[in-house]
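S.K.: In short: position in the sequence shown from 1, add 1, done, that's our numbering. Where a beta carbon is used, it is the ideal one built from N, C-alpha and C, also for glycine. Quick caveat, the model's predicted, so the values are computed rather than measured.
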Amino acid sequence: MANINRVKIDLAPLKAAKLPVFFIVGGPGSGKGTQCDKIVKKYGLTHLSSGDLLRAEVNAKTEVGVKAKVCAFVLFSNLILEILRQ
């Protein structure tokens, strides 16, 4: 499995801005994107999609993107093997 280095991020600017941060969670196809679009339109907030960000990194073949692709492949492979075992 790929070695992932954790990086400490300075959250001081985010905390100083005193802006709300919302996490919208749900399974694939559950409407997260649809709800986020409505929230953006109604309240003028910014929507950051972790999936969109990761796909952009993978497509750009950045170091993070390569690691994400390897991790996804390993995770997917392990899940398929688990299903086959059952």
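So, are the CB atoms of Ile25 and Lys19 less than 8 Å apart?
M.R.: Counting from 1 along the sequence shown, the entry for residue 25 is found at position 24. Counting from 1 along the sequence shown, the entry for residue 19 is found at position 18. In this structure, Lys19 does not lie closer than 8 Å to Ile25 by Cβ.
S.K.: For Glu58 versus Gly66, is the C-beta spacing smaller than 8 Å?
M.R.: Position 57 of the sequence shown, counting from 1, holds the residue named residue 58. Position 65 of the sequence shown, counting from 1, holds the residue named residue 66. Against a cut-off of 8 Å, the Cβ pair of Gly66 and Glu58 comes out as a contact.
S.K.: Taking only the alpha-carbon atoms, compute the straight-line gap between Ala73 and Phe23 and give it to the nearest angstrom.
M.R.: Translated into positions along the sequence shown, residue 73 becomes position 72. Translated into positions along the sequence shown, residue 23 becomes position 22. Ala73 and Phe23 have their C-alpha atoms some 25 Å from each other.
S.K.: Just how far apart, CA to CA, sit Ala61 and Gly52?
M.R.: Numbered from its first residue, the sequence shown carries residue 61 at position 60. Numbered from its first residue, the sequence shown carries residue 52 at position 51. Cα-Cα distance, rounded: 14 Å.
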